[in-house]
Every structure is written in structure tokens, then in C-alpha cells.
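Read the structure below first, then the notes.
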Amino acid sequence: GETLKQCTVLKDGLGREGERAGLSRLQIRGDSVWSAPGARGGRGGTGTADVGAELRSGPAGLRVRASVGAGLGGGRQTKMEYEWKPDEQGLQQILQLLKESQSPDTTIQRTVQQKLEQLNQYPDFNNYLIFVLTKLKSEDEPTRSLSGLILKNNVKAHFQNFPNGVTDFIKSECLNNIGDSSPLIRATVGILITTIASKGELQNWPDLLPKLCSLLDSEDYNTCEGAFGALQKICEDSAEILDSDVLDRPLNIMIPKFLQFFKHSSPKIRCVYGIINGIS
């Protein structure tokens, strides 16, 4: 299909950028997605009849590594890292679906939507979506971010049914890619992290807040900005539990950390006052 030259922009706080760029709005599962005018999907035919079979037959591919890191309060904790590799044919078919879903033709969009819904019965499907978002850096940004948007919606609707290995792989990939060089992909990863956290996962993701806080000290701007954006969204959505004994009141550590950024060179990061004001 024709490569999109404009960034896809999600509704979550990024819609005005799409309007300024003169992009046209598409509707994907209730969320606004922006696409360059005249963009087309993949080459002729859907080629998706066997996607489910490819996901079933693809390698499980999950390998586990254990590492030890510091907790938010200085304690040490074990972290499990998951690796996964897709079946190449299944991956290409899902990529074609993602490209077709960016078509302005509503009939094509509905057909693709039905096929995406059918794929949710396969446990590996969400691994493919996070793989496209975080690993396929040579793929165009609209396709990568759309993959993350679909995964976000799957988290909202089906997270309780995700196998543990899939959940852990998604979490690991999110934290490893919060500093992606693309502002759009960083924002998409941050939204995905926040969505997972909002499903009650702050209690079940003990390394999330310590990791994001440690990334604030990174000398790489993309990493610092990505971590800050994710923390900002988490504070907005989960302020009550952050100030509760359920998580040992992490705000007592996070707020002093935020105060260090009042004079940061980036206006995005200097807006830390708004976060503190919003959760106080």
C-alpha cells in the first residue's frame, strides 16, 4: 500500500495536531485515528483467511530471563523479562490488515474490524500487536501507532483474559520502548501503559513506578520525556490509589522527584506543577 507520510494521531490528547496537519479522521473501534488524505491499504485482496491458523501454528517463543532491580523505596525486587518472536507469515498478514484499516472506505474498515475481532480468540494476537508497535521500527508510524491503539482497546475490553505470558511480554515491551525516537510512538506506549495501570495493574506491576521514576534521570531526552508523559497520565488516572496504603503511598517519593524538574529545559517537563496540583 501507499506509505503514509503524515503521522497517525490518536484522540488521546493529540487530535489538534492532526487537524493542523490537514489529516482526515477515521473511526477505529470508537477511537479517532488520523490518516493522510488518499491513503490506501495493502495491495489487492485481504489475504487474512489464514491469520488465525498462522497464530495457532506460530512458535510460542516465550523465553524468560530474571533480573534484580531496586524498588521505588530502595528495596530490591526480581523482574521477569519476556522475549517472543512472531511467525513471519502471520505477521505479514496482520500488517496488511493494519494498513487496510487506514482506508477511508467505511466498508473496508468494517470488514477489517470484524477480522480483528475474530483474531482476539487467539492468545498470541496481542503479542503481534505489541511487536508491531515496539519492534518494527522500519514500519511507517501510522501502522505502528494503530497497532498500539488496537492493543489498547483490547486491554480495555479483554485484559482479564490475557494469558500471563502475554501480559508480561506487553509490560516489558512498554517499559523498554517508552523512549522511542518518535513522539507519536512514545505517546502511544504511554497511553498503553496508563490503560494497563487503570485495569488495577498498579498492584500487579511493582516495577512500573520505580522504572519510570528512574528513567526521569536519563540523559536521553526521548526517554525522560516518555517516562514523564506516562507518569503524568498515571497520576491523572490513578491519583487516589497512589496516595493510599495499598501501594505504600508512592506519592511521598514521586512528588519530591517531580520537584527536581521545575527548571528543566523542556516546557513539556517543566509542566510538572500541573501534575502535582492535580493530585494534591
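Residue numbering for the sequence shown follows my numbering, starting at -15 and increasing by one per position.
Glycine is no exception: its CB is placed at the ideal position from the N, C-alpha and C atoms.
Looking at the secondary structure, which residues open and close the alpha helix (DSSP H) in which residue i lies?
{"i": "leucine 168", "result": "167 to 180"}
{"i": "glutamine 93", "result": "90 to 103"}
{"i": "proline 265", "result": "Here the chain covers residues -15 to 264 and nothing more, so residue 265 does not appear."}
{"i": "serine 198", "result": "192 to 199"}
{"i": "asparagine 148", "result": "148 to 160"}
{"i": "tyrosine 112", "result": "109 to 118"}
{"i": "glutamate 209", "result": "205 to 221"}
How should residue i be labelled, buried or exposed, when 16 other C-beta atoms within 10 angstroms of its C-beta is the threshold for buried?
{"i": "alanine 33", "result": "Caution is warranted here: a pLDDT of 39 is assigned to alanine 33, below 50, making its placement in the model unreliable, and the coordinate value is therefore given only provisionally. Alanine 33 is exposed by the Cβ-count criterion."}
{"i": "aspartate 164", "result": "buried"}
{"i": "alanine 171", "result": "buried"}
{"i": "asparagine 138", "result": "buried"}
{"i": "glutamine 216", "result": "buried"}
{"i": "asparagine 188", "result": "exposed"}
{"i": "leucine 228", "result": "Residue identity differs from the one stated: residue 228 is serine in this sequence, not leucine. Exposed, since its Cβ has fewer than 16 Cβ neighbours within 10 Å."}
{"i": "alanine 181", "result": "buried"}
{"i": "arginine 94", "result": "exposed"}
{"i": "serine 122", "result": "exposed"}
{"i": "proline 147", "result": "exposed"}
{"i": "threonine 90", "result": "exposed"}
Can you list, in chain order, the residues of its chain whose CB lies under 6 Å from that of residue i, leaving out five sequence neighbours each side?
{"i": "phenylalanine 115", "result": "Pro70"}
{"i": "proline 88", "result": "none"}
{"i": "leucine 226", "result": "Pro234 and Leu235"}
{"i": "serine 166", "result": "Glu125"}
{"i": "serine 202", "result": "Cys208"}
Do residue j and residue i count as a contact pair if the criterion is CB distance below 8 Å?
{"i": "alanine 211", "j": "leucine 200", "result": "yes"}
{"i": "lysine 136", "j": "isoleucine 92", "result": "no"}
{"i": "lysine 99", "j": "leucine 81", "result": "yes"}
{"i": "glycine 132", "j": "valine 173", "result": "yes"}
{"i": "lysine 183", "j": "phenylalanine 143", "result": "yes"}
{"i": "asparagine 145", "j": "threonine 118", "result": "no"}
Give me the Cα-Cα distance between residue i and residue j, rounded to the nearest whole angstrom.
{"i": "cysteine 219", "j": "serine 156", "result": "20 Å"}
{"i": "isoleucine 268", "j": "cysteine 158", "result": "What the structure shows of the chain is the stretch from -15 to 264, and residue 268 is not part of that stretch, so it cannot be assessed."}
{"i": "proline 240", "j": "leucine 196", "result": "14 Å"}
{"i": "leucine 192", "j": "asparagine 104", "result": "26 Å"}
{"i": "glutamine 76", "j": "asparagine 111", "result": "14 Å"}
{"i": "aspartate 108", "j": "serine 250", "result": "39 Å"}
{"i": "isoleucine 177", "j": "leucine 231", "result": "17 Å"}
Considering only residues of the same chain and omitting the five flanking positions on each side of residue i, which have a CB-CB separation below 7 Å?
{"i": "arginine 128", "result": "Val116, Leu117, Leu120 and Ile169"}
{"i": "threonine 179", "result": "Lys136, Val139 and Lys140"}
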